[in-house]
Amino acid sequence: MNMEHIVKLVGYPDALWGSGVYIYAYRLKDGTYVGIGHDGYEHVLYVQHGEEFIVNNMSNEQMNERGVPRTRGYVADAATAIRIAEAVCEPIYGVERLANQRPFHTSYTNGTWIVRGRRAASGQAEVLFVEIAERDGRVLKMGYDTNSY
Numbered sequence: 001m002n003m004e005h006i007v008k009l010v011g012y013p014d015a016l017w018g019s020g021v022y023i024y025a026y027r028l029k030d031g032t033y034v035g036i037g038h039d040g041y042e043h044v045l046y047v048q049h050g051e052e053f054i055v056n057n058m059s060n061e062q063m064n065e066r067g068v069p070r071t072r073g074y075v076a077d078a079a080t081a082i083r084i085a086e087a088v089c090e091p092i093y094g095v096e097r098l099a100n101q102r103p104f105h106t107s108y109t110n111g112t113w114i115v116r117g118r119r120a121a122s123g124q125a126e127v128l129f130v131e132i133a134e135r136d137g138r139v140l141k142m143g144y145d146t147n148s149y
């Protein structure tokens with residue numbers, strides 16, 4: 001099972017961070033977390049459960065009083081970044097071309113969300129990407145990348 005399947009089953013994570021290893025964190029009803037580490041492609045690397053998962057993977061700066069990642073801007077999570085990317089790309093690239101890029105993958109680095117599409121099964125060489133400022137939702141850069149995964 002890969003992250004695409006997991007997201008289809010349980011939805012978008014409550015928090016997402018990492019580079020190299022991406023961590024999807026899901027808050028459970030009992031207040032604990034399940035964290036799923038993956039390589040951004042097809043492989044789930046680990047699954048951890050419990051409050052210590054969040055404490056061990058986040059700095060104090062990233063946590064609020066309930067242990068939920070804190071944001072300093074309007075783009076608080078990966079799901080919001082994806083919605084922004086879809087909204088700006090659809091009028092430019094079209095519904096069909098956008099649909100061929102799903103599911104989207106996100107990463108977060110230094111206040112910037114990066115939303116990337118995937119290579120289509122047809123062997124399409126270009127992968128859509130959008131860089132979005134966490135602080136105000138501005139699109140910093142967008143286009144197609146031929147060097148992406």
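Per our numbering, the very first residue in the sequence shown carries number 1; after that it's consecutive. Each residue gets a CB set at the ideal place from its N, CA and C atoms; glycine is no exception. This one's a predicted model, so the numbers in the text were calculated from it and none came from an experiment.
Sequence-distant Cβ neighbours of valine 127 in its own chain, meaning closer than 8 Å and more than five residues away, are Gln101, Arg116, Gly117, Arg118, Arg119, Tyr144, Asp145, Thr146, Ser148, Tyr149. Taking 7 Å as the cut-off, the Cβ atoms of tryptophan 113 and glutamate 134 count as close. Alanine 76 and aspartate 14 have their C-alpha atoms roughly 10 Å apart. If you check the CB distance, glycine 137 and tyrosine 74 come in under 7 Å. At the C-beta level, tyrosine 12 and alanine 25 stay beyond 7 Å of one another. Taking C-alpha positions only, valine 10 is separated from histidine 38 by approximately 16 Å. Out of Leu98, Val44, Met1, Ile84, the CA that lies nearest to the CA of isoleucine 132 is found in Ile84. In terms of Cα proximity to histidine 43, the closest of His49, Asp30, Ile6 is Ile6. Ranking Asp30, Leu98, Ile23 by CA distance to the CA of isoleucine 36 puts Ile23 first. As computed with DSSP, lysine 141 is found in a beta bridge with Glu131.
When rounded, the separation of the alpha-carbon atoms in leucine 16 and threonine 106 is 8 Å.
Beta bridge pairing from DSSP links valine 44 with His38.
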